[in-house]
Structure formats: structure tokens, C-alpha cells
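Sequential numbering of the sequence shown, starting at 3, is according to the working numbering.
Here's the structure, in C-alpha cells; my notes come after.
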Amino acid sequence: MKDLVRQKLSIHVEIMDLLNEQIKKEAHSSSIYLAMASWCDHNALDYSAEFFYEQSLEEREHMMKIFRFINDNGGTAYSPEVSTINHEYNSLEEIFETALDQEIKITKSIHNIVFQCRKLQDLTTENFLQWFVHEQMEEEQTIRRALELFDLMGSEGLALKLLDERIPHIRKK
Ligand SMILES: [Fe+2]
Ligand SMILES: [Fe+2]
């Protein structure tokens with residue numbers, strides 16, 4: 003019986019481990035964005051704060067998608083521990099630069115799992131991860147649009163307030 007159950011696992015065991023690592027990374031992203039939301043809130047950048055609260059929620063949803071995928075396919079998903087979250091930032095621009103850096107890391111990580119899926123012929127997970135590949139492309143584009151605003155508008159005094167008001171529009175609906 004046990005052999006039969008294992009045969010039915012459509013996800014490769016090595017890929018399961020990578021997915022559990024990805025759970026940690028998405029949880030880490032969620033916490034990073036929550037810290038960024040807090041910084042924005044304290045600096046009266048209300049629209050940016052809202053943006054990062056929402057980003058934080060989305061990262062948790064990403065985490066849960068992977069969590070359920072593992073459990074639904076006979077694996078065991080592990081609840082992630084999150085540590086070392088930075089709360090110190092010097093500017094909103096630094097926050098968005100850090101966010102882009104984080105998204106690029108996540109994109110590379112997702113792509114790496116897709117490459118491993120191909121190597122191990124795990125079509126089920128490769129197919130599942132296509133949504134994430136697309137999502138990462140959009141997330142990077144969104145943050146890059148925010149960074150363009152800093153080049154365009156500057157970030158001193160009133161410009162920063164006006165820039166903050168543009169933040170809700172950087173997401174493509
Ligand atoms: Fe994510
Ligand atoms: Fe993200």
C-alpha cells in the first residue's frame with residue numbers, strides 16, 4: 003500500500019524540499035513588507051503604507067498557495083519561522099529599492115525551482131509554478147514603476163507627498 007501511495011505522488015521529493023524553502027521565502031517577504039508598511043505609516047506616507055500592507059498580504063497568499071499545494075499532493079508543508087526583519091530605513095526610495103531587490107531574489111528562486119522541475123521531469127509542479135513566474139514579472143514591473151517616480155518627481159519636501167499619492171496607481175489592474 004505504501005508503495006502505491008508513493009507512486010501516486012506526482013511531485014518529486016526533492017522539489018517538495020525546494021517548495022518548503024520557498025514557503026519560508028514568501029513568509030520572509032510578507033514580514034519585510036509589513037515592516038516597510040510600518041515605516042511608511044510612521045512617516046505619514048499613507049498611500050505607500052497601504053501599498054505595503056497589501057503587498058504583505060499578497061506574499062502570505064503566495065505562501066499559502068504553495069503550502070496547500072504541498073499538502074494537497076501528499077507532501078508535508080512546514081510552517082515557516084521568520085527572523086531578522088529590518089525596520090530601519092533612511093527613505094522611501096530605499097524602501098522601494100530594497101523591495102525590488104527582494105522581488106528579484108524571489109524571481110530567481112522561482113525560476114530555479116522551475117529548472118529543477120524540468121530536470122526531474124516534475125510536470126505537475128512546473129505547471130503549478132507558471133502562475134508564480136507570471137506573478138513575479140508583474141511584481142517587478144510594479145516596483146520598477148514606483149522607482150521611476152523617484153527619477154521623475156524627486157523626493158524632497160512636497161514632491162515626496164505627491165509621489166506618495168501616485169503609489170496606488172503603480173499597480174496595473
Ligand atoms: Fe511572492
Ligand atoms: Fe512579491
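A virtual CB, placed ideally from N, CA and C, is assigned to each residue, including glycine.
Treat the numbers as computed from the prediction; the structure is a model and nothing was measured.
*Exposed unless 16 or more other CB atoms sit within 10 angstroms - verdict on residue 139*: exposed
*Report buried or exposed for residue 133, applying the criterion of at least 16 other Cβ atoms within 10 angstroms of its Cβ.*
exposed
*Contacts around residue 170, its chain only, beta-carbon distance under 8 angstroms, and the 5 residues preceding and following it disregarded*: 49, 52, 53
*Just the C-alpha distance for residue 84 and residue 29, rounded to the nearest angstrom, thanks.*
7 angstroms
*Short check: CB of residue 39 to CB of residue 87, under 8 angstroms?*
no
*Start-to-end residues for the alpha helix (DSSP H) that takes in residue 87*: Here residue 87 belongs to no alpha helix (DSSP H), and DSSP marks it neither H nor E.
*Under 7 angstroms from any heavy atom of ligand 1, does the C-beta of residue 44 make it?*
no
*Quick one: Cα of residue 162 to Cα of residue 94, how far?*
Approximately 9 angstroms between the Cα atoms of the pair.
*Which residues in the same chain as residue 24 place their Cβ atom closer than 6 angstroms to its Cβ, once the five residues preceding and following it in sequence are excluded?*
68
*Check each candidate in 156, 168, 159, 80 and name the one with the smallest Cα separation from residue 144.*
The option with the nearest alpha carbon to residue 144 is 168.
*Mark residue 153 as exposed unless 16 or more other C-beta atoms lie within 10 angstroms of its C-beta, in which case mark it buried.*
Residue 153 should be labelled exposed.
*Spatially closest choice to residue 126 from 60, 159, 72, by CA coordinates*: Closest option to residue 126, Cα to Cα, is 72.
*Residue of 151, 150, 97, 57 minimising C-alpha distance to residue 137*: Nearest to residue 137 by C-alpha distance, out of 151, 150, 97, 57, is 57.
_Rounded to the nearest angstrom, what separates residue 173 and residue 109 at their Cα positions?_
18 angstroms
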